[in-house]
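Heads up, the thing below is written out as C-alpha cells.
2 protein chains.
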Amino acid sequence: MPSRPAGESQRPGVRRGGAQYERIHGDLARAAAAALARRGYGDLSPEAVASEAGVSPRTAFRHYPTKLDLALAGIDALPDYSGWLEEVVAGESMADRLRRGLLVGAGHDELLAPVMATCLSHRDEQPELLLQLRRRVLKPRERAIGAFLEEGKVRGEIREAVGSTAMSALDVGLFMMGGLGQFPLGRGRRRAQRLFEQIWPVICAPGHEDD
Amino acid sequence: MPSRPAGESQRPGVRRGGAQYERIHGDLARAAAAALARRGYGDLSPEAVASEAGVSPRTAFRHYPTKLDLALAGIDALPDYSGWLEEVVAGESMADRLRRGLLVGAGHDELLAPVMATCLSHRDEQPELLLQLRRRVLKPRERAIGAFLEEGKVRGEIREAVGSTAMSALDVGLFMMGGLGQFPLGRGRRRAQRLFEQIWPVICAPGHEDD
C-alpha cells in the first residue's frame, strides 16, 4: 500500500475532482454508511466496502486511507434534512411539507438508528465518530427542524410550545424505536405515513389536526 | 469450571434464593448493566463484572453461566418506569407526578442510551439482547407512559393528541440525544428538570403549561 496521503496520487484516468473520482468517492461513502449500519464500526471492513462499491481495495484506500476516514465519510452520507425539509413549495401547508420531507427520507433513513448506535457504542475509543455524527447529521437536522417549526409557528400551523429539541427528540426517538423493533416503521410510503401520524398531531396547532 | 447449570450448585452458606444469593445476584446484574453501557456487549467481560460486583469469577459463573446470561440480567436491571410513573400520590398534579418520576430515574437512567445502542449494534449476531430490551425495558416503559397519559387525559391535564408511542419516542429520543452529546442532560435534579422542560410543554393540555 502506498504511504503517501490519499488524494496526492495522480494515476492517469482518475483525476481527483473529476466526475469519475467524485462518483467513486460518493459510492464508497454510501457503501460505508450501509456497512456501518449493518455491521457497526468494530466490524467495518474497508475491503468489503470497496467490493460493495465495485472498486478495488487499492482504489478505496486512495479515497479513504483509514477505516476511520471511511466511517466518517459514511456518517457524512446520512440524510440530514437539509434542502428537503427547508425547501418551500408555493401553496403547501406545513403538514404537506412534512409529508413530502418524510417521503424523501423514507428511502434511506433506515441507516440512522444503527449508525447512531455504533457511534455511541464507540464513543470512548473513537470519539470522532460521535463528533462527526453530531456535526454533520444531528445538528443540521435540528437546524432544519428549527427553521421548519419557526415558519410553522409564524403561519399559525404549529404550536408555540414545540421546540426544536423536543421535535428532534421525537425524530431521533421514532427512528430508534423503529431500529429497535419497538415501533414498526415499515418502508417507503408506509414509513413516511407512520412517521407523519406520530409527529403531526403532537406538533400541530389547534385546528390543523386534519391537515 | 463446573458443567452443571447455574443455580443447581448447593455450596454451603450460599443458599439459592437466600438473602445473600439475591444480593449477589442483583449486584452482578447492576454491574453488568454498567459494563454493557460503558464497553458494549462485544467487550463485556464476566471477570471484570465479577470484580466490579466484589465476587469471584467462579461465583459470577454460578449466577450467570454465560456472557449472554450476564448481559440479559444487565438489561433487566435498567429502569423501566414501573411503579414510580404509575404510582399515584394523592393531590399530585400530572406535572408533579412526571417531575417526581423523572427525579427517581435521574440517578440511573444514563445507562439507557448506551445499552440501547449496544443491543441495536448486536441485533444480528445476538438478537436476544434486543428482545430482552424490548420485553423488559421498552414495553414496560411504554405501558407506564400509556397509563400516565390516559389518566392525564381523563383529568384534562394532558392533550388528547399525545399517544404513548409519541411520548415514548420523545423519552427514548431525549435519552439518545443526551447519550450522543447532542442535548446536555446533566445529572440528578438538573437532569430531571431538563427532561421535564422538554416533555411537559409538548404533552400538557391548554391551561396547564405552568403546572
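Residue numbers (the working numbering), protein chains in the order written: chain U, 22 to 232; chain F, 22 to 232. In this text, a Cβ means the ideal position worked out from N, Cα and C, and glycines have one as well. It should be emphasised that the depicted structure is a prediction, and the values quoted were computed from it without experimental measurement.
If you check the CB distance, U/LEU201 and U/ILE220 do not come in under 7 Å. Chain F places a beta carbon closer than 7 Å to that of U/GLN203, counting this residue as a contact. Around U/ALA165, no beta-carbon contact reaches into chain F at under 7 Å, the shortest distance being about 14 Å. Taking a beta-carbon distance threshold of 7 Å, U/SER142 counts as an interface residue toward chain F.
Uninterrupted alpha helix (DSSP H) stretches at least 4 residues long and entirely within the segment 77 to 141 of chain F occur at 78 to 84, 88 to 97, 115 to 126, given in chain order. Put simply, of F/TYR62, F/TYR42, F/VAL109 the residue whose alpha carbon is nearest the alpha carbon of F/MET137 is F/TYR62. For U/ASP48, the closest alpha carbon among the candidates U/ARG59, U/TYR85, U/ASP64, U/LYS174 is that of U/TYR85.
For F/ARG215 and F/HIS229, the gap between their C-alpha atoms comes out near 18 Å. Annotation for U/LEU152: the continuous alpha helix (DSSP H) segment containing it runs 148 to 154.
Within chain U, no residue has its beta carbon less than 7 Å from that of F/SER77; the closest one is some 27 Å off. Flagged as an interface residue toward chain U: F/MET198, by a C-beta distance shorter than 7 Å.
About 5 Å separates the CB atoms of U/MET197 and U/ALA134; that is less than 8 Å, so the two are in contact.
By the rule that beta-carbons nearer than 7 Å mark a contact, F/LEU57 does not touch chain U.
Minimum Cα-Cα distance from U/LEU132 among the listed residues F/VAL125, F/ASP130, F/LEU141, F/HIS129 corresponds to F/LEU141.
GLY61, GLY63: these are the residues of the segment 45 to 74 of chain F whose beta carbon lies less than 7 Å from some beta carbon of chain U, given in chain order. Beta-carbon to beta-carbon, U/ALA187 and U/ARG120 are separated by about 20 Å, too far to satisfy the 8 Å threshold. For F/GLU230, there is no enclosing alpha helix (DSSP H), since its DSSP letter is neither H nor E.
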